[in-house]
Amino acid sequence: MVEAARRRGKGRPDDGRSGDRLFDKELDHLPPEARWREWMHRVEATIFAASEPVNRETLARIVGKSCSIDLLIDDIREELRGRPYDLVAVAGGWKHLTRPAYADAIRAAVGGNERAVDLTQSEVLVLMCVAYFQPITRAELSSFFGKEISRDLIGHLRGAKLIASGPRSPTPGAPYTYVTTKEFLLEFGLDTLRDLPDFEALEDAGLLSKEKLLAGDIMQALSDDEEEHA
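Last residue of the sequence shown: 232 (the numbering used here), numbering continuous.
Next up, the structure:
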């Protein structure tokens, strides 16, 4: 450890400020197993202490260049297998979350964990449409649902931080489009939008198209699929 400290401080004057010392990511002074264990501890501690999901770039600051973040996460999760919490990939990073099996016990002990804003069925349907077909305008949403989607409904979803303004549409008037947010991914436990139910199947079938959405082709395809499986 003395030698490691000497190497970290080599070439820099030590004026007593910890910020002047290089953080030892590589841990070359440790044997491979001990080095890997220390990296595991660093990553788990960082994720545990963070209030938001920790992304790959952040974790790369505390481990060596030769370290595979994915393998490290796999090893940590293996050790947590018997614990009531896990490291979960969500919103482009990793977060410590309790396992669903303990949700009832947590609610009984400390109360519910309901959303601050409840969503109506209409709001859920609009949110689903935004998620799959973003960026999408309010007029396009209204066309799809066959009725006007009110500014109040959009405002409610924005207030819940589930959607946000996207780029302006190239259509006349250049209206704003709407897209989902990082909070949307967090709320529904998704790592990326590709984790949405049936996303890849819809994409492979060529159905993730606003043109087909507005033409009614998607609803017809879904209806045909339901009839085939009836």
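Virtual Cβ for every residue (Gly too), placed ideally from N, Cα, C.
Cβ atoms of T183 and P137: under 8 Å apart, would you say? no
Leaving aside the five residues before and after P34 along the sequence, list all residues of the same chain whose C-beta is less than 7 Å from its C-beta, in chain order. none
Based on the DSSP output, what are the partners of L89 in its beta bridges? H98
Relative to the C-alpha of F135, which candidate in I64, H43, L195 and R83 has its C-alpha closest? L195
Apart from the five residues just before and just after C69, which ones in its own chain have a Cβ nearer than 6 Å to its Cβ? W41
With a CB to CB cut of under 6 Å and the five nearest residues on each side skipped, what residues in its chain are close to E81? none
Tell me the DSSP secondary structure of P34 in three-state form. helix
Considering only C-alpha positions, which residue in the set T173, G175, V45 and L129 is nearest to V181? L129
Is it right to say E59 is buried, meaning 16 or more other beta carbons lie within 10 angstroms of its own, or is it exposed? exposed
Tell me where the beta strand (DSSP E) around T182 begins and ends. Y178 to T182
Would you mind stating whether L32 and V92 have Cβ atoms separated by less than 8 Å? no
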